[in-house]
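Residue numbers (my numbering): 738 to 1003.
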């Protein structure tokens, strides 16, 4: 069987090399396209794919979900941010993209991160589409590998709703504070965002929370539908997560007004 492993591993290495060549033409002294939309969308889909793949594999682990699921999922997000974030912004989450859209006006002083990500409302919609496609793809591959799907059916919707709003708020507020801020150091943004996810998963995962990402919730729901033909719980999760994103954008305006003036005070 070692030959089969070799073939699979070499195929993965070749795919990674070709994808690197496609996403980073500057590494080979090739001209960078003026419009990098396709590069950004591929990055968002790829990052969401691996994030949801890891999440579903952990939740569907036999005979019970992995006790290190939170750490594993946060690590997947961390490496995706550092591998792809300089191209697309490293959102991998429709809630994060919504928070950026609301808190980074296109003509305001915080517009640089938005312009380097999706830029326009049309670009925002494309980001959401890429993230959802990647998330559903990752969930489907995970279900094939695990031969089972996790169940997205919490017993107490009130607890889950509160947890999803609160911890998605935390995640989005951290992203806005450390990734889009003009005054925060940028070297360790990936760790801050990954630890925000880890906090939410560990704190709320035991009672059905911890998705914090519509791409994760919808991906799990689609994977669940393959086995049980039951779909819809993700809509409740997604609503709560988007509400948390809106609250995080509002908190930025309220708590960090200096971020929205033309020049930071010295």
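Note that CB positions come from ideal geometry on N, CA and C, so glycine has one too.
Tell me whether residue i sits in a helix, a strand or coil according to DSSP, three-state version.
{"i": "residue 967", "result": "coil"}
{"i": "residue 885", "result": "coil"}
{"i": "residue 892", "result": "coil"}
{"i": "residue 776", "result": "helix"}
{"i": "residue 902", "result": "helix"}
{"i": "residue 975", "result": "helix"}
{"i": "residue 823", "result": "helix"}
{"i": "residue 807", "result": "helix"}
{"i": "residue 925", "result": "coil"}
{"i": "residue 859", "result": "helix"}
{"i": "residue 843", "result": "coil"}
{"i": "residue 768", "result": "coil"}
{"i": "residue 796", "result": "helix"}
{"i": "residue 756", "result": "helix"}
{"i": "residue 829", "result": "coil"}
{"i": "residue 948", "result": "coil"}
{"i": "residue 993", "result": "coil"}
{"i": "residue 761", "result": "coil"}
{"i": "residue 998", "result": "coil"}
{"i": "residue 743", "result": "helix"}
{"i": "residue 909", "result": "helix"}
{"i": "residue 914", "result": "helix"}
{"i": "residue 848", "result": "helix"}
{"i": "residue 941", "result": "helix"}
So is residue i buried or exposed if we call it buried at 16+ other beta carbons inside 10 Å?
{"i": "residue 758", "result": "exposed"}
{"i": "residue 772", "result": "exposed"}
{"i": "residue 769", "result": "exposed"}
{"i": "residue 766", "result": "exposed"}
{"i": "residue 924", "result": "exposed"}
{"i": "residue 946", "result": "buried"}
{"i": "residue 913", "result": "buried"}
{"i": "residue 788", "result": "buried"}
{"i": "residue 967", "result": "exposed"}
{"i": "residue 865", "result": "buried"}
{"i": "residue 958", "result": "buried"}
{"i": "residue 935", "result": "buried"}
{"i": "residue 841", "result": "buried"}
{"i": "residue 747", "result": "exposed"}
{"i": "residue 992", "result": "exposed"}
{"i": "residue 877", "result": "buried"}
{"i": "residue 963", "result": "exposed"}
{"i": "residue 900", "result": "buried"}
{"i": "residue 990", "result": "exposed"}
{"i": "residue 996", "result": "buried"}
{"i": "residue 905", "result": "buried"}
{"i": "residue 926", "result": "buried"}
List the whole-angstrom C-beta distance separating residue i from residue j, where the pair is believed to meet the contact cut-off of C-beta under 8 Å.
{"i": "residue 1004", "j": "residue 875", "result": "Any property of residue 1004 remains undetermined from this structure, which presents the chain solely from 738 to 1003."}
{"i": "residue 835", "j": "residue 827", "result": "Rounded, the Cβ-Cβ distance is 15 Å, inconsistent with contact."}
{"i": "residue 871", "j": "residue 978", "result": "Not quite, the Cβ-Cβ distance comes to about 17 Å (not below 8 Å), so this is no contact."}
{"i": "residue 909", "j": "residue 832", "result": "6 Å"}
{"i": "residue 785", "j": "residue 829", "result": "5 Å"}
{"i": "residue 879", "j": "residue 960", "result": "7 Å"}
{"i": "residue 741", "j": "residue 886", "result": "With 8 Å as the limit, residue 741 and residue 886 do not qualify as a contact, their Cβ atoms being about 26 Å apart."}
{"i": "residue 760", "j": "residue 824", "result": "6 Å"}
{"i": "residue 971", "j": "residue 954", "result": "4 Å"}
{"i": "residue 778", "j": "residue 898", "result": "At roughly 31 Å, the Cβ-Cβ gap does not stay under 8 Å, so residue 778 and residue 898 are not in contact."}
- Message: For the structure I just gave you, are there three or more beta carbon pairs, one from the region 845-857 and one from the region 926-941, closer than 8 Å?
- Response: no
- Message: Measuring CB atoms only, is the region 889-908 touching the region 804-811, in the sense that at least three cross pairs come out at less than 8 Å?
- Response: Too few Cβ pairs lie closer than 8 Å, so no.
- Do the region 834-848 and the region 983-998 touch if we need at least three Cβ pairs shorter than 8 Å? yes
- the region 809-818 in contact with the region 924-933 per 3-pair CB rule at 8 Å: yes
- At least 3 beta-carbon pairs within less than 8 Å: the region 969-978 vs the region 947-955: Cβ pair count under 8 Å is three or more, so yes.
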